[in-house]
Each structure stands twice: as C-alpha cells, then as structure tokens.
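K.L.:
Numbering (my numbering), first residue to last: 89 to 428.
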C-alpha cells in the first residue's frame, strides 16, 4: 500500500492508524510536502514511534524531517506507555493516530505536549464531542486532563485510555438538525492574571445571549502553570451530536476578543443546516468506513482534511463514500467494510 502524504499530517495519522489496525504495511511518501516545514515533525514522529512500539512494527524513515516512511506492523499489543512529544505538539492529534488500532486491545497512554494549540482539536472537544459519538458506534475511548499545555512551550499532559471495541462497529446516522439543550463553557488560563479566564467567559456569554439558553461555566486559572497561555472551549450539548468551537489566546490579543471569537464560531456552526460541526466530520471518516452497514451524516462543506481522510479510508478498506448537496449542507454516506 502506498499513500501520497503531501497534503499534511492527517493523511499520515490516518494511514498509520489503519495500517496498524489492519496489519497492512504502508509506504507514505511526500510527507507534508506542501507545508512550509515539510516532512516529519516532533508530533508526527512521536506518533509514529508510539505505534511502532504498540504494534511491534518495522519502520524505516523515522527521523525528523523525513519525507518517506515505511511502516510494517505486526499484531497490535496495546499496553501502558508514557509518551512525550517534547514540544507543544498536540496530544489529541497523537491520540488520533493511536485510536484506530487501540480498539483491538486495552491501551493506556500518558501523553505530554500541547492540550490547547492551533490547528488541532482541544482536550475538551475530544472529551465532549468526539468520544460520545464514537461510543454510539461501540468504540470506547476516554481521557482525563492532568495539566494544560499551550503553544509554544507545551508542557501539558493527559491520560488516554481505550477498551476493546465491540466489532464490527455500529453504523452512525447523524442527519437531523441539532437542538441545543445547553452550552458548556470551558475558559482556562495558566501563568496569567486570574481575570483573563473570567473576561474570556463573560465575552463569550454576552455574544451567546441570542441563543437564550443556559450556559454552564467551568473557569480555571492557574497562577503557576507549567505553560503560559489561555483558551476557551464552547460545546453546545445537542442531539444527536454536540457542536464545538474554540479560540486561543495570544500575545497582544485581548481576552474579550478570544471569548467573542469562540462564540461567533459556535453561532456559525449552529446556524448551519448541518447535524455535525466542521471539525467532527474528518475524525469520523475511518470509523464510518470500518462499521457494518450504512453510516450517514449531514455535514458542512467537505474540507480538504475530510477529502484526504476519505481517500485514505477508501484505499485501505475498498469502500466508496458518496456525497450530495442538501439544504446548504452535504449529505455524506458510506456502506462500511464491517471490519471485525
């Protein structure tokens, strides 16, 4: 199996995860060729080496900057590992690489890196949006937060656990417009004045007033954190899938702006006709492809991440995803491979 990984790290993670799950060797070339810093970076390399250990794989090209990797897995053994990315690389993106094969055997990871960083799902999003949907498919993942880690230092930590899934996975159907019950608000900061997290939360709540629904606040501020930064996550508890949005603090960026940005993102997601948010779609693709029966979701426009994940899933599993425009959204469906 060969995969062109020029589009980004998502293709690398998906390919390695499916390779380890299916025990299909894979060669990934042109890794992140279209990125300003092409090749394997710390987060990708750590994910690769973690899967190497967990699946007793033979690997070629496991060095920083490598543009080509050959991955030949044996049986996935699971286990208990400490994994240190060494930078602010996303702990949740590393989890993405491990999730698929960890459906086979109980796996426990303590991962050190970034919990709230750009271009990656946050810890709160994964816990409140992704994992509950996957549990409906009988994939059992959980995580607990140990400490927050922000860009550029990282130094955050989570504990991740998977239990053997009931295979084949159930198909998923997420096609009805969401009805919001309440909104979780997680505003947090570390090594910054205490009011930063409170101001972020207040700005978000003021922007969300038009919804007229309850906002459940969880505000945390660590004066002596292991990292410096702030973030806010907003999760609209809805059926059949919750909807998430977040924003990150940055030097020179007012806390009010951070809160307002997250709230405006959430409102945009809620005002769409889709049943899931734009971040959940690409993360569900491999699980839909593995399930037994027809999975169907009503999503926003298909992102490049989603299209790349579809291409990888189709290549590994021989399935075919279909899509059609419907009510200013996209209906996406697939007859899964019934992997067991």
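Backbone N, C-alpha and C define an ideal beta-carbon position, used for all residues, glycine too.
Expressed to the nearest angstrom, what Euclidean distance is found between the alpha-carbon atoms of residue 498 and residue 165?
P.N.:
Outside the displayed range of the chain (89 to 428) lies residue 498, so it cannot be described from this structure.
K.L.:
Report buried or exposed for residue 207, applying the criterion of at least 16 other Cβ atoms within 10 angstroms of its Cβ.
P.N.:
Residue 207 comes out exposed.
K.L.:
Spatial neighbours of residue 361 within its chain, please: CB distance less than 6 angstroms, with the 5 preceding and 5 following residues excluded, ordered by chain position.
P.N.:
The residues are 415, 416, 417.
K.L.:
Return the chain-ordered list of same chain residues with a C-beta closer than 6 angstroms to the C-beta of residue 394, the five sequence neighbours on each side being excluded.
P.N.:
Contacts found: 369, 370.
K.L.:
Can you tell me the Cα-Cα spacing of residue 260 and residue 340, whole angstroms?
P.N.:
Looking at the two C-alpha atoms, the distance is approximately 43 angstroms.
K.L.:
Helix, strand or coil: which one does DSSP assign to residue 141?
P.N.:
Looking at residue 141 - three-state DSSP - the assignment turns out to be helix.
K.L.:
Tell me the rounded alpha-carbon separation between residue 129 and residue 298.
P.N.:
When rounded, the distance between both Cα atoms is 42 angstroms.
K.L.:
Determine contact between the segment 224-235 and the segment 347-361, defined as no fewer than three beta-carbon pairs at a distance below 8 angstroms.
P.N.:
They do not touch, by the three-pair rule.
K.L.:
Could you pull the DSSP bridge partners for residue 247 from this structure?
P.N.:
Partner(s): 198, 232.
K.L.:
By how many angstroms is the C-alpha of residue 319 removed from the C-alpha of residue 303?
P.N.:
Looking at the two C-alpha atoms, the distance is approximately 17 angstroms.
K.L.:
For residue 429, is the classification buried or exposed, using 16 other Cβ atoms within 10 angstroms of its Cβ as the cut-off for buried?
P.N.:
For the chain, the structure presents residues 89 to 428; residue 429 sits outside this window and is missing.
K.L.:
Quick check on residue 349: buried or exposed, where buried means 16 or more other Cβ atoms within 10 Å of its Cβ?
P.N.:
Buried, by the Cβ-count rule.
K.L.:
Express the C-alpha separation of residue 405 and residue 391 in angstroms, rounding to a whole number.
P.N.:
So the two alpha carbons sit approximately 21 angstroms from each other.
K.L.:
Can you tell me the Cα-Cα spacing of residue 378 and residue 425, whole angstroms?
P.N.:
About 5 angstroms.
K.L.:
Compare the C-alpha of residue 386 against each of 366, 301, 172, 236 and name the closest.
P.N.:
Cα-wise, what sits closest to residue 386 is 366.
K.L.:
What do you reckon, are the CB atoms on residue 162 and residue 178 nearer than 8 angstroms?
P.N.:
The answer is no: Cβ separation not under 8 angstroms.
K.L.:
Taking the beta strand (DSSP E) that residue 223 falls in, what are its first and last residues?
P.N.:
From DSSP, residue 223 is part of no beta strand (DSSP E) but of the alpha helix (DSSP H) over 219-224.
K.L.:
Measuring CB atoms only, is the segment 196-215 touching the segment 252-270, in the sense that at least three cross pairs come out at less than 8 angstroms?
P.N.:
Segments in contact, no.
K.L.:
Within its chain, find whatever has a CB closer than 6 angstroms to the CB of residue 250; leave out the 5 residues flanking it on each side and keep chain order.
P.N.:
Result list for residue 250: 190, 195, 229, in chain order.
K.L.:
In whole angstroms, what separates the C-alpha of residue 133 from that of residue 151?
P.N.:
Taking the straight line from one Cα to the other gives about 7 angstroms.
K.L.:
Can you give the Cα-Cα distance for residue 145 and residue 104, rounded to whole angstroms?
P.N.:
In a straight line, the C-alpha of residue 145 is about 11 angstroms away from that of residue 104.
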